[in-house]
Structures are given as structure tokens and as C-alpha cells.
Amino acid sequence: MPQTDVPVRPAERITPPTGRAALGLLVLLGSLTAIGPLSLDTYLPAFPGMTRDLAASQAQIQLSLTTCLIGMALGQLVTGPLSDRWGRRRPVLVGVAAYALLSLVCALAPSAETLAVARFAQGFAGGMGTVVARAVVRDLYSGRAAAKYFSRLVLIFGIAPMVAPALGSLVLNVGDWRTIFVALALVGALLATTVALRLPETLPATRRNAGGLAATAAAGRTLLTDRIYLGYALTQGLAFAGLFAYLSGSSFVLQDVFGLSAGTFSILFGANALSFVAVGQLNARLLDRHDPRPLLVTGLGLGLLAALAVLAGALLNNLPVVVAALFVFLGSLGLVMPNGTAL
């Protein structure tokens, strides 16, 4: 049966919001998904100052980026089942409130080692909000409607890494790297307040998993033996791995290896983010005529070709090929992420 463009909803599901309420929910959920790139990219311009202030090497400071990524992954892994049992509001509210407090802990870190530990905890808390935001969409929509909604979330998610380094640079004009984490704490506090006041509970008690850890483990085993689920999960995992590899390594490759200036790198970084956002919005329009699966397959094909082109450009030391391939790769994620998540 072909997928429709309207929510497919059992009777016990709540009605999706409309009008201004729908727009407000979109902005809130998009902001929750943007916690990740904001946490990762906002403090990148402060790396030189952090190495001096904490008497640490560049590698030690970069460790805080890695621990934050690991924390985000684990936060999503743990919180997903918890939100299936307790509902959506409680875990996300705890997560964003903890994120605000842990951002302050990062701001007060006396050493690179303490910062790395605090960043892990901060990333874990931020991941709680990210995974629940996606779960809320799945509670309200399915099929094409869900894929189109995820495409709209891509707009906010894609803008975040584009503006985060610039925001970090602006904060550095009035403070130091610690001020950046204070700003992230304020963002977390604002999100926690908005969640408390505006986020509806989208998982009714009748649809929650009330079987405890044993039932959660059984559901997990079922998923791990479902080849269709594993296929979609693998595509999403690899897509995010590629995105985060780009976010963490593009500065080194383009500036240190190919010798681009910071200004030129910023322009290319913004162009690639724009490619991601633009294709995500194009995907929403294509879903009016196509199912999510063929669009996902198209995105995977483009991403594979682009990744091979990046490899070839790097081996040949050909900067134009690398730049063009990265542009296409980021664009392909605008097809892969919303459709894969919806399916």
C-alpha cells in the first residue's frame, strides 16, 4: 500500500498541532536536535586560547570533542528506551536541565582532563534531548508525513553547524572560552523552560512500555534480529559518522593539509551546510510525488560516489575535487537522514 501524506494514527494517539502551535513545536524540536552541533562547533574558535589557559596540548583539548560525541551517542542509546517507558516530557526535561548545569561545570573546568569528563556528561545530557525530539515526531506522524517533518528539522539542524563557529567567535570578542560554555548553559536553561511550558506529552500511557528492563531488553533483542530495522539503523549510523567525521576533521584537512585560510574555510563550511539544508528542503517537496525509500537509496548512492571522490581527491592532492565532493556528500545527507529516520 503506498504511503500517504497524512499522519497514520491509531485512535489513542494525540492529534498533531496545527497553525502557530505546529510552528512552535517545529522550532522547539529543531532546537533540541541542534544541541549536538552547537555543543561541538561553538567552541572550536577557542581551541588556541584553551590550550594556553589550561596548559594543555591541542590533542588534549580535542579529546573534549571526542568525549562529547561519545556522550551524545550513549545518551541517545539510553534515553530512547526510557522515554518509551516514562513518556517524552520527563526525560527531555531532565536532559536539557542537566545540560545547562553541566555546561557551567565545563566553564569552571580547571584542567583539560576535567573538561573532557564534563564534556562527556554534557554530551550525554544533550543526547537525551536529541533522541526524544525524533521520538516525538514518530509519535505524531508516519510515512511521508514523518519524512517531510524530518526534512524541516534538517533546516534547523543544518543551520546550527553553519552559525555555531561564528557565534563562538562573537562570544570570544566579549569573553574567553569559558564564556562560550556559559552561553551554552543559557541556551540549555531556555530550552528547559520552553520544554516545561510548551512541549506536549505525545506518548499516552496506554502506549508506553510498562514491562521494565526485561521488556526493554526483549524489545532490543527483537530489533537486533530485524534485518530491515538493522539496515535502516546502519544507514543512519554511517550517515552520522560521516557527518561528524567531516565536522571534526574538515578544518585540519582543508587548512593544514591544503593550506586554506580560516576565512576561505569558513566560506566553504557555510556552503556545505547550505547544501545540506537545501537538499533537505528539496526532499520535502520530492516526497509529494515519491516514497521515502527511493529517495533514501538515491541519497546513499550520491553519498558513496562523493566519498570515493573525496578519497581520490585526497590521494591526488586535488583541492577542487575534494571541495566539490564534500559539497555533494553534505547534500546527500539531506536525503539520507530525514528519509532513513522516518523509515
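The numbering used here runs 41 ahead of the 1-based position in the sequence shown. Beta carbons: idealized from backbone N, C-alpha and C, even for Gly. Fair warning: this is a prediction, and the values are worked out from it, not measured in the lab.
#1: With H, G and I counted as helix, E and B as strand and the rest as coil, what does DSSP make of R249?
#2: Measure how close the beta-carbons of L336 and N380 come, nearest whole angstrom, since I'm counting them as under 8 Å.
#3: Please state whether DSSP places L357 in a helix, a strand or coil.
#4: For the candidate residues A166, L123, R130, W127, whose alpha-carbon lies nearest to that of L143?
#5: Applying the criterion that 16 or more other CB atoms from any shown protein chain within 10 Å of the CB defines a buried residue, is V363 buried or exposed?
#6: Using 8 Å as the Cβ pair cut-off and three pairs as the minimum, do the stretch 109-123 and the stretch 202-217 touch?
#7: For a test of the three-state rule: what should DSSP assign to N324, helix, strand or coil?
#8: Is the stretch 127-144 touching the stretch 84-91, taking contact as three or more C-beta pairs under 8 Å?
#9: Rounded to a whole number of angstroms, what is the C-alpha to C-alpha distance between V294 and N358?
#10: With respect to the alpha helix (DSSP H) encompassing A75, which residues constitute its N-terminal and C-terminal limits?
#11: Quick check on the burial criterion: 16 or more other C-beta atoms within 10 angstroms. Buried or exposed for G30?
#12: Please return the same chain residues whose Cβ sits closer than 6 Å to the Cβ of Q44, not counting the five positions on each side in sequence.
#13: Please return the same chain residues whose Cβ sits closer than 7 Å to the Cβ of A141, not counting the five positions on each side in sequence.
#14: My guess is that A347 and S316 are in contact by the Cβ rule of under 8 Å, so how many angstroms apart are they, rounded?
The structure says:
#1: The sequence position of residue 249 within the sequence shown is 208, counting from 1. Coil, per DSSP.
#2: On the sequence shown, residue 336 is found 295 positions in, with the first residue counted as 1. On the sequence shown, residue 380 is found 339 positions in, with the first residue counted as 1. N380 and L336 do touch by the CB rule: their CB atoms are close to 5 Å apart, below 8 Å.
#3: Within the sequence shown, numbered from 1, the residue matching residue 357 stands at position 316. The answer is coil: DSSP assigns L357 none of H, G, I, E or B.
#4: Taking the first residue of the sequence shown as position 1, residue 143 is located at position 102. Of the listed residues, the one whose Cα sits closest to L143 is A166.
#5: In the sequence shown, the residue the question calls residue 363 occupies position 322. V363 should be labelled buried.
#6: no
#7: In the sequence shown, counting from the first residue as 1, residue 324 sits at position 283. Correct three-state label for N324: helix.
#8: no
#9: Along the sequence shown, one-based indexing puts residue 294 at 253. Along the sequence shown, one-based indexing puts residue 358 at 317. V294 and N358: Cα-Cα distance of roughly 11 Å.
#10: By one-based count along the sequence shown, residue 75 stands at place 34. It is not in any alpha helix (DSSP H) - A75 carries neither H nor E in the DSSP assignment.
#11: Outside the modelled stretch of the chain, which goes from 42 to 384, sits residue 30, for which no answer is possible.
#12: One-based indexing of the sequence shown puts residue 44 at position 3. Summary for Q44: the model assigns pLDDT 47, below 50, so the residue's position carries little reliability; its value from the coordinates is reported in the next sentence. For Q44, where only same-chain residues beyond five positions count, the Cβ hits under 6 Å are G184, R185, D332.
#13: Reading the sequence shown from its first residue, position 100 is the one you call residue 141. Excluding its 5 nearest sequence neighbours in each direction, A141 has C-beta neighbours in its own chain below 7 Å: A226, G229, A230, A233, listed in chain order.
#14: Within the sequence shown, numbered from 1, the residue matching residue 347 stands at position 306. Within the sequence shown, numbered from 1, the residue matching residue 316 stands at position 275. Actually they do not touch by this definition, with Cβ atoms about 11 Å apart.
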